[in-house]
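Working notes, structure below.
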Amino acid sequence: MSKTILVDAWQTFVLETGVFTEMKAILDAFDSRKIIVTNANKEEKAKLGIVNMPYEVYSLNHEPDKIDPDYFKQLLVHYSLSPNEVIYFERSEESVKAAESLGIKSFWYNEDEKDLKALKQFLTENV
Numbered sequence: 034m035s036k037t038i039l040v041d042a043w044q045t046f047v048l049e050t051g052v053f054t055e056m057k058a059i060l061d062a063f064d065s066r067k068i069i070v071t072n073a074n075k076e077e078k079a080k081l082g083i084v085n086m087p088y089e090v091y092s093l094n095h096e097p098d099k100i101d102p103d104y105f106k107q108l109l110v111h112y113s114l115s116p117n118e119v120i121y122f123e124r125s126e127e128s129v130k131a132a133e134s135l136g137i138k139s140f141w142y143n144e145d146e147k148d149l150k151a152l153k154q155f156l157t158e159n160v
């Protein structure tokens with residue numbers, strides 16, 4: 034069974050111009066479930082354009098943020114998943130470390146480089 038892909042929202046999957054279509058095309062090539070993860074509350078999601086997404090969106094409205102491992106503990110419980118059933122990519126190194134501290138295989142995505150080739154390789158090798 035393929036793993037669930039946790040997708041960072043702002044400045045990764047969602048840019049100022051909307052959904053990063055090249056990244057979406059890569060994600061859509063995988064049959065895995067995708068969950069967009071964000072810290073944003075309802076108002077922030079609307080302001081940032083994290084609305085009408087092609088995948089479900091998970092947020093704890095900053096209580097806590099993704100830099101806290103408890104965010105991922107709550108996510109896993111919410112979806113009845115274990116750390117070995119998900120993989121995660123994210124632009125915040127602190128958030129990556131929080132997820133990794135629970136055993137979630139994670140990839141730091143450099144938002145400036147936008148290295149989709151490296152992201153695709155991570156997904157292919159780990160999904």
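If you're matching positions, the sequence shown starts at 34 in our numbering and goes up one per residue. In this text, a Cβ means the ideal position worked out from N, Cα and C, and glycines have one as well. Predicted model only: the values in this text are computed from it and were never measured.
Classification of M56 by the beta-carbon crowding that lies within 10 angstroms, buried from 16 upward: buried
Spatial neighbours of V129 in its chain, beta-carbon cut-off 7 angstroms, leaving aside the 5 residues before and after: E123, S139 and W141
Sheet register partners of L48 (DSSP bridge): G51
Integer Cβ distance of S65 from T45, believed to fall under 8 angstroms: In fact, because the Cβ distance is near 17 angstroms, the residues do not count as touching under 8 angstroms.
Simplified DSSP state of S92, which is helix, strand or coil: strand
Option in V70, V52 and D148 with minimal Cα separation from P97: V70
V160 beta carbon less than 7 angstroms from that of F1: For the chain, the structure presents residues 34 to 160; residue 1 sits outside this window and is missing.
Range of the contiguous alpha helix (DSSP H) that encloses K106: P102 to H111
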